[in-house]
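Residue numbers for the sequence shown follow the numbering used here, beginning at 110 and rising by one.
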Amino acid sequence: MARVTVEDCVERIPNRFDLVLVAAQRSRDIATGASITVDRDNDKNPVVSLREIADETVPLAELQDQLIRNMQRHVDVDEPEEVDMMEQMSNGTLEDKPVEEPEPEPMSPFARALPDMPAFEDMEPGFFED
């Protein structure tokens, strides 16, 4: 039954990716308590949402708008405005702070021995041969 429903829905929403997104949005709406516009017939929410889309009993534009709103993320970034920075620079209130150098990590015994080890060029010819 779901295959026939998907084939009916492709006539309404030709792109299958868009169809899945819209049907999933409608399924979530049904799961949160939205009223169903077709008979349930013991079907699960995704099948009911596909049947609603196929029968055109739900407004597709409204579902697409809900989908877009749910996918949008708005992050407030607290960056000082450039005008304020220019003001501070002209007033001399924006000071250059010295950059602190991080302390070097303690060396392992192996790393401490490296400077004393002979370099590859210092080794005698035939060192690696048996």
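Idealized CB from N, CA, C, for every residue including glycine.
Count the other CB atoms within 10 Å of the CB of residue i; is the residue buried (16 or more) or exposed (fewer)?
i: Ser217; result: exposed
i: Ala140; result: exposed
i: Ser199; result: exposed
i: Val186; result: exposed
i: Ser144; result: exposed
i: Ile251; result: Given that the chain is displayed from residue 110 to residue 239, the structure contains no residue 251 and the question cannot be resolved.
i: Ile122; result: buried
Ignore the nearest five residues each way along the sequence and tell me which others in residue i's own chain have a CB closer than 6 Å to its CB.
i: Leu88; result: There is simply no residue 88 to check, as the chain begins at 110 and stops at 239 in what is shown.
i: Ser136; result: Asn154, Pro155, Ser158
i: Leu128; result: Cys118, Ile122
Kindly list the residues whose CB is nearer than 7 Å to the CB of residue i, restricted to its own chain and excluding five residues on each side of it in sequence; keep chain order.
i: Thr166; result: Thr146, Val147
i: Glu116; result: none
Taking the alpha carbon of residue i as the point to measure from, which residue in the options has its own alpha carbon closest?
i: Leu159; options: Glu209, Gln181, Gln134; result: Gln134
i: Leu130; options: Asp152, Arg178, Arg149; result: Arg178
i: Gln173; options: Phe126, Glu210, Thr114; result: Phe126
i: Gln175; options: Asn124, Asp138, Pro213; result: Asp138
Counting only beta-carbon separations shorter than 7 Å, does residue i have a partner in chain D?
i: Val147; result: Judged by its chain identifiers, the structure shown contains no chain D, having just a single protein chain.
Going by beta carbon distance, what residues of the same chain come within less than 8 Å of residue i, once the five residues before and after it are set aside?
i: Ala132; result: Cys118, Pro155, Ser158, Leu159, Ile162
i: Thr114; result: Val156, Leu159, Arg160, Ala163
May I ask you to check if the CB of residue i is nearer than 6 Å to at least one heavy atom of the ligand MG?
i: Glu214; result: Although the ligand MG was asked about, the structure shown includes no ligands whatsoever.
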